[in-house]
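Numbering (the numbering used here), first residue to last: 1 to 630. Think of the CB as a built atom: it goes at the ideal place given N, C-alpha and C, for glycine as much as any other residue. None of the values given here were measured: they were computed from a predicted structure. Beneath this line is the structure, given in structure tokens, with notes to follow.
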Amino acid sequence: MTGTEQHVVFVGDGATPPRDLERAAFDVAAPADRAAAIARLETAAVDCVVIDGTDADRVETVAAVRERAPAVPIIYVTAVPDGTAAAAATRAGATEYFVRGTDETLVDRIAAVSAGHGPATDTTDRHEREAELLEATRALFSCESRAAVADIVVDAAERVLGFDMVTVRLHDPEAEELALTAASDALDQLFDERERVEIRDSDMGEAFRRREPLIFEDIRTGRADEYERLPEMMCVPIGDHGLLNVGSPVSDAFDDRHVRLARLLTASAAAALERTDRGEELRRHERVLETVEGMVYAVDGDARLTLVTDPLAERLGYGREELIGESVSLIFEDESYDRAVEHAEELLEEPQKESGAFEATYATADGEQFPVEIECSLLPRDADEIENGTFRGAVSVVRDITRRKEREQYLQVLNRVLRHNLRNDLTVVIGYAELLRERLEDGDLTDAAGTLRETATDLARTSEKTRAIQDALDRDDDLRPVDIGAVAADAVAAVEDEAATVSVSTTGDCRAWADAGLGLVVDNLLENAVRHAGPAPTVEISADRERDRVRLSVADDGPGIPPAEIDVITGESDITQLTHSSGLGLWLVRWMVDSYGGSISFSASELGGSRVEIVLEAAPSEVADAVDAT
Numbered sequence: 001m002t003g004t005e006q007h008v009v010f011v012g013d014g015a016t017p018p019r020d021l022e023r024a025a026f027d028v029a030a031p032a033d034r035a036a037a038i039a040r041l042e043t044a045a046v047d048c049v050v051i052d053g054t055d056a057d058r059v060e061t062v063a064a065v066r067e068r069a070p071a072v073p074i075i076y077v078t079a080v081p082d083g084t085a086a087a088a089a090t091r092a093g094a095t096e097y098f099v100r101g102t103d104e105t106l107v108d109r110i111a112a113v114s115a116g117h118g119p120a121t122d123t124t125d126r127h128e129r130e131a132e133l134l135e136a137t138r139a140l141f142s143c144e145s146r147a148a149v150a151d152i153v154v155d156a157a158e159r160v161l162g163f164d165m166v167t168v169r170l171h172d173p174e175a176e177e178l179a180l181t182a183a184s185d186a187l188d189q190l191f192d193e194r195e196r197v198e199i200r201d202s203d204m205g206e207a208f209r210r211r212e213p214l215i216f217e218d219i220r221t222g223r224a225d226e227y228e229r230l231p232e233m234m235c236v237p238i239g240d241h242g243l244l245n246v247g248s249p250v251s252d253a254f255d256d257r258h259v260r261l262a263r264l265l266t267a268s269a270a271a272a273l274e275r276t277d278r279g280e281e282l283r284r285h286e287r288v289l290e291t292v293e294g295m296v297y298a299v300d301g302d303a304r305l306t307l308v309t310d311p312l313a314e315r316l317g318y319g320r321e322e323l324i325g326e327s328v329s330l331i332f333e334d335e336s337y338d339r340a341v342e343h344a345e346e347l348l349e350e351p352q353k354e355s356g357a358f359e360a361t362y363a364t365a366d367g368e369q370f371p372v373e374i375e376c377s378l379l380p381r382d383a384d385e386i387e388n389g390t391f392r393g394a395v396s397v398v399r400d401i402t403r404r405k406e407r408e409q410y411l412q413v414l415n416r417v418l419r420h421n422l423r424n425d426l427t428v429v430i431g432y433a434e435l436l437r438e439r440l441e442d443g444d445l446t447d448a449a450g451t452l453r454e455t456a457t458d459l460a461r462t463s464e465k466t467r468a469i470q471d472a473l474d475r476d477d478d479l480r481p482v483d484i485g486a487v488a489a490d491a492v493a494a495v496e497d498e499a500a501t502v503s504v505s506t507t508g509d510c511r512a513w514a515d516a517g518l519g520l521v522v523d524n525l526l527e528n529a530v531r532h533a534g535p536a537p538t539v540e541i542s543a544d545r546e547r548d549r550v551r552l553s554v555a556d557d558g559p560g561i562p563p564a565e566i567d568v569i570t571g572e573s574d575i576t577q578l579t580h581s582s583g584l585g586l587w588l589v590r591w592m593v594d595s596y597g598g599s600i601s602f603s604a605s606e607l608g609g610s611r612v613e614i615v616l617e618a619a620p621s622e623v624a625d626a627v628d629a630t
């Protein structure tokens, strides 16, 4: 076949076309580079572009040509079969993938695609099939198992080739057989008696051995019905991984176009299978590479170490080679290993939760123990493995938390001693200040003693508030429905300032998700309003429910909360010596509300002072009623 009057652009190494193209009756142009090739497309009629896939950037050339000339056929050529290159070129927009050395010549291939270039129906059909192949390629490279690849190949072959009798057989190297892995629905139980086919003595085996597409006639199916014989079958190797088989109920059904499309599909499938074959190791290394400078290890399904980074081995006092192959229990303190096993079991029981952190204790080669925080991520599993709770292995990132634990211990001791001593000493100071007030006759000294007593009392109150905050932050109670209106009423009833006018109004069901600490929130909001609003303060508290939210607002007629304090509490500005809150009450409110998943806001009140509003998630009425009933 020749290509008289067909205009071909060749993009290749040194821009020198192969001799067979020069001898053919083509008008061949060989631009020096990609830019020149694009310019040629813009200035002259072109029937086909041939791109030599030798250089790494040729796929980018395919994409550039396809963008400039959407309808021009592009043939991507390599010297040897390369599934990865074929898949990349197809994704970039190549029309055909051609391997030198096949029975068909490049000249014939150019002539065929060039001759078909032009009619709108052919172009539309080709583009639809290219789109189907591109979609299939994307799906193939997201597969995590060989079976998933086979299923996608069957589905894509049905849609792209237009036949509904498709199977994929994958190579079993130990048995030297082709094992049936996926089949189209139309075949049903057609191959029950031929689930495995020997490579040495079968038509399919011949196609696999020769690594080239073959078309066979009058194929026996092994079933005594209308499909006892297939008039025709096309067998296309999927690299060295297996075989794509397409059957037809009529003869002469397959032409070169079917073979080309099937080869493009199988090239992508071969690359996808290569990826899945090394998938587990690849995924493991990909995760490790992200934190290779840190302390990281990986284990297999038997909980044996398969990878340990140098920093972790060094901290444990081992060489990396000493740890590889050992049970991971070697590096754990006994009870901590039990905790690690429990953590892995919890992850296996929750398929949607593939990773999580826990604390443990490691033991070094010298017997030293040190605390760690471990972020453990399970290796990916297929659907059956997830259903069966199969452990394939895990990758863990380790952080030494020795200093953090030491700081926590120091702070606990310091806090305990400071609170105890401070409370006792302040009690003494308050007692002596009161004694001085009663016995001193000098008015100025009496006033000074009174000031001393008030200051010490405020400091004692701050100490108690600090303890309340610590207790609140250390709590681990589960959230439950709490009636904000009732909590507010109790807080108002406990107000000791007789000059204060405090009111409470409640609208609707005001039960929200909280715990007993909500009382501290309301107490501190009310205390802040009463203490800072003047000698005869007015405070209005309201609680109401709006759909799935409950709001509590505390408004007063005082001078208002200083903007600097609000900015610090809401996070608008950092804490410094000059911009810190003068009291701990609002901090307690902020931290408690955050722990409930709520929000806090500040504004001016209609009374002339400040208005503080907190918003919490409302408890569903049926849940709240059930809690009340218990």
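Alpha helix (DSSP H) segment containing Met165, residue limits: That residue, Met165, is in no alpha helix (DSSP H); it is neither H nor E in DSSP.
Three-way DSSP call (helix, strand, coil) for Ala241 in this model: Checking the sequence, you will find His at residue 241 rather than Ala. In this structure, His241 counts as coil in the three-state DSSP scheme.
Top-ranked residue by Cα proximity to Ser184, from Gly247, Val197, Leu133, Glu198: Gly247
Completely contained beta strand (DSSP E) runs for the stretch 379–453, where each covers 3 or more residues: 393–400
Which of helix, strand or coil DSSP assigns to Ala183: strand
With 16 other Cβ atoms within 10 Å as the buried cut-off, status of Ser601: exposed
Residues that Asp544 bridges to, as DSSP identifies them: Thr507, Arg551
Beta bridge counterpart(s) of Ala29 as assigned by DSSP: Val9
Residues near Pro562 in its chain [Cβ-Cβ closer than 7 Å; skip 5 each side]: none
The ligand ZN heavy atom lying under 8 Å from the CB of Val168: The model depicted lacks the ligand ZN and carries no ligand whatsoever.
Buried versus exposed call for Thr390 [16 or more other C-beta atoms within 10 Å across all chains shown]: exposed
C-alpha gap between Gly162 and Phe141, whole angstroms: 23 Å
Reduced DSSP category for Phe208 - H, G, I as helix; E, B as strand; rest coil: helix
Proximity winner among Thr507, Ala88, Leu323, relative to Ser542 (alpha-carbon distances): Thr507
Cβ-based neighbour list, Gln577, same chain, cut-off 6 Å, excluding 5 preceding and 5 following: Because Gln577 sits at a pLDDT of 42, beneath the cut-off of 50, its placement in the model cannot be relied upon, and the following sentence gives the value as read from the coordinates. Once the five neighbours on either side are set aside, Gln577 has no close Cβ partner at all.
Secondary structure, alpha helix (DSSP H): runs of 4+ residues fully inside the stretch 46–75: 58–68
Per-residue DSSP class, three states only, for Tyr596: coil
Beta-carbon gap between Val539 and Trp513 smaller than 9 Å: no
Cβ-Cβ distance between Glu274 and Gly83 below 9 Å: yes
CB of Leu616 within 9 Å of CB of Val554, strictly: no
Whole-angstrom distance between His171 and Asp252, CA atom to CA atom: 28 Å
Nearest-angstrom Cα separation, counted from Leu214 out to Met234: 6 Å
Touching by the beta-carbon criterion (3+ pairs, under 8 Å), the stretch 72–87 and the stretch 28–36: no
Contact belief for Leu378 with Leu347 at Cβ below 8 Å, rounded distance in angstroms: 5 Å
Close beta carbons around Leu479, own chain, < 7 Å, minus the five adjacent residues each side: Trp513, Ala514, Asp515, Tyr596
Strand pairing of Val107, partner residues [DSSP]: In DSSP, Val107 forms no bridge with anything.
Element boundaries [beta strand (DSSP E), containing Glu333]: No beta strand (DSSP E) holds Glu333; DSSP gives it neither H nor E.
CA nearest to the CA of Glu385, picked from Glu67, Ser145, Gly12, Arg210: Ser145
Classification of Pro119 by the beta-carbon crowding that lies within 10 angstroms, buried from 16 upward: Any reading at Pro119 needs caution, since the residue's pLDDT is 42, under 50, leaving its predicted position unreliable; the model's value is listed next. So Pro119 counts as exposed.
When Ala112, Leu436, Ala394, Ser463 are compared against Arg423, the one with the closest alpha-carbon: Ser463
Anticipated Cβ contact below 8 Å, Val49 with Val9, distance rounded: 5 Å
Validate contact between the stretch 529–539 and the stretch 483–491 using beta carbons, cut 8 Å, 3 pairs: no
Classification of Leu133 by the beta-carbon crowding that lies within 10 angstroms, buried from 16 upward: buried
Contact the stretch 147–159 vs the stretch 200–208: 3+ CB pairs below 8 Å: no
Rounded C-alpha distance that separates Tyr337 from Leu452: 57 Å
Own chain, CB closer than 7 Å to Ala63, minus 5 neighbours either side, in chain order: Ala92, Gly93
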